[in-house]
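Reviewing the structure listed below.
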Amino acid sequence: MDKKPRILLIYTGGTIGMVKDYESGALKAFDFNSLLLSIPELNQLDCQIESVSFDTPIDSSNMNPGHWANIVELIEANDSMYDGFVVLHGSDTMSYTASALSFMLENLTKPVILTGSQLPIGDLRTDAKENLITSIQLASLWKKGEPVIREVGLYFEYKLYRGNRTTKINAEHFQAFNSPNYPPLAESGVHLKVYNEFIAKPKTFKKLKVHKNMDANVAILKIFPGLGKSVLNSILNIRGLKALVLETYGAGNAPTQKWFLTELKNAIASGLHIVDVTQCSGGSVIMGQYETSDALKKMQIINGKDITTEAAITKLMYLLGSKVSPKLFKTIFETSLRGEMQ
Ligand code: ASP
5 MDKKPRILLI
15 YTGGTIGMVK
25 DYESGALKAF
35 DFNSLLLSIP
45 ELNQLDCQIE
55 SVSFDTPIDS
65 SNMNPGHWAN
75 IVELIEANDS
85 MYDGFVVLHG
95 SDTMSYTASA
105 LSFMLENLTK
115 PVILTGSQLP
125 IGDLRTDAKE
135 NLITSIQLAS
145 LWKKGEPVIR
155 EVGLYFEYKL
165 YRGNRTTKIN
175 AEHFQAFNSP
185 NYPPLAESGV
195 HLKVYNEFIA
205 KPKTFKKLKV
215 HKNMDANVAI
225 LKIFPGLGKS
235 VLNSILNIRG
245 LKALVLETYG
255 AGNAPTQKWF
265 LTELKNAIAS
275 GLHIVDVTQC
285 SGGSVIMGQY
295 ETSDALKKMQ
305 IINGKDITTE
315 AAITKLMYLL
325 GSKVSPKLFK
335 TIFETSLRGE
345 MQ
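Position one of the sequence shown corresponds to residue 5 (my numbering), numbered consecutively onward.
Below, the structure written as structure tokens:
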């Protein structure tokens with residue numbers, strides 16, 4: 005590339021741009037443009053950086069599918085002007101947003117990298133500068149006329165991950181994220197090492213297709229010893245519920261009591277899509293490996309394989325929003341669409 009890559013920073017909120025409220029001492033969102041001025045290091049990067057901010061930056065605990073639609077609209081509107089996007093986001097729901105964006109941005113061929121920090125950028129011991137600077141560098145990498153990263157990534161504490169494979173694992177450590185079932189795409193040490201073999205290789209001739217319709221008539225149920233019939237029944241019969249992520253034990257196992265299986269069977273018969281996802285932080289659902297998952301397999305529960313809960317719930321919203329036919333729903337869910345499952 006002869007000209008410098010153009011990167012658009014999209015500031016949605018999060019600790020990275022927060023300041024302490026003098027009266028209460030609580031962290032609250034701040035005008036990011038003013039903060040950017042206090043990072044002169046950005047001028048040393050070999051790219052052109054511009055930024056755009058949510059009108060009202062948010063703590064990511066307030067993130068919802070409407071905000072995801074705003075982010076993809078910004079990417080769509082600026083796609084022809086920029087070579088890559090860095091989305092600044094609170095860490096609390098960053099893995100949900102990264103997963104959602106991966107589904108909403110079909111045929112993505114350039115980097116969309118989410119990052120944030122555990123400490124505000126103005127803090128002396130902040131992790132924000134490294135996260136921000138390296139994310140911009142990764143988004144600017146270019147080889148043989150193409151961007152090196154061509155998918156939705158999440159960069160935090162020296163590692164770039166596939167966004168829809170991540171989960172937040174720590175509320176205290178700078179290393180706040182993990183990708184238990186997929187290796188990092190890049191690592192920052194003395195050198196910036198990119199692991200090309202793990203990076204998505206999308207078909208470049210297809211045009212970016214943006215999906216904004218996410219159907220949030222979904223729920224997550226984590227099973228536990230002692231889960232009662234009335235609780236299960238109430239959840240399965242929520243009015244308007246279309247799909248459920250069932251967080252099961254180990255390799256996708258669940259109780260074999262008759263009442264439990266009958267409740268699930270009836271719900272499936274009445275049209276509810278149920279996905280079996282493990283509540284373990286790593287590994288995969290293997291339906292039928294134990295007797296305790298065999299019944300689930302027979303009743304046609306969707307196999308979530310090694311998907312994260314974050315990717316499962318957003319994939320459900322995406323498929324429901326795309327009006328996938330009930331007949332094809334299970335097959336399509338069980339197919340990896342953006343590298344989110346094996
Ligand atoms: N509560 C903050 C948020 O998710 C935490 C962070 O930014 O890391 O917006």
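All C-beta atoms in this analysis are idealised placements derived from N, C-alpha and C, irrespective of residue type, glycine included.
query: Ile278 versus Glu45 - alpha carbon distance; result: 48 Å
query: Three-way DSSP call (helix, strand, coil) for Lys319 in this model; result: helix
query: Three-state secondary structure (DSSP) of Ile173; result: coil
query: Residue nearest to Glu176 in terms of C-alpha spacing, selected from Leu323, Glu155 and Ser95; result: Ser95
query: Burial state of Asn241, where buried means 16 or more other Cβ atoms lie within 10 Å; result: exposed
query: First through last residue of the beta strand (DSSP E) which encompasses Gln52; result: Gln52 to Ile62
query: Exposure label - Met345; buried when at least 16 CB within 10 Å; result: buried
query: For Asn82 and Pro311, the rounded distance between their alpha carbons; result: Residue 311 is actually Ile in this sequence, not Pro. Going by the C-alpha atoms only, they are around 31 Å apart.
query: Own chain, CB closer than 6 Å to Ala143, minus 5 neighbours either side, in chain order; result: Ile11, Gly88, Val90, Pro115 and Ile117
query: Sequence ranges, alpha helix (DSSP H) only - wholly within the stretch 104 to 159, length at least 4; result: 132 to 144
query: Pro229, buried or exposed, once every other Cβ within 10 Å from all chains shown has been counted against 16; result: exposed
query: Meets three-Cβ-pair contact criterion under 8 Å: the stretch 98 to 107 and the stretch 131 to 146; result: no
query: Buried or exposed (CB count within 10 angstroms, at least 16 for buried), Ala273; result: exposed
query: Residue from Ile14, Glu54, Lys32 and Met218 whose Cα sits closest to the Cα of Met22; result: Lys32
query: Ranges of the beta strand (DSSP E) found wholly within the stretch 167 to 232, counting only runs of at least 3; result: 190 to 192, 196 to 198 and 222 to 226
query: Proximity of Leu40 and Ile79 at Cβ, strictly below 8 Å; result: no
query: Buried or exposed (CB count within 10 angstroms, at least 16 for buried), Trp263; result: exposed
query: Beta bridge counterpart(s) of Tyr249 as assigned by DSSP; result: Per the sequence shown, residue 249 should be read as Val rather than Tyr. Note: Val249 sits in a beta bridge opposite Ile224 and Val279.
query: Integer-rounded CB distance, given that Pro69 should sit under 8 Å from Met218; result: 4 Å
query: Pair within 8 Å by beta-carbon distance, Ile14 and Ile62; result: no
query: Minimum C-alpha distance to Arg169 - residue among Phe160, Pro184 and Asp25; result: Pro184
query: Span of the alpha helix (DSSP H) around Ile311; result: Taken as a continuous stretch (DSSP letters only), Ile311 belongs to no alpha helix (DSSP H), as it is neither H nor E.
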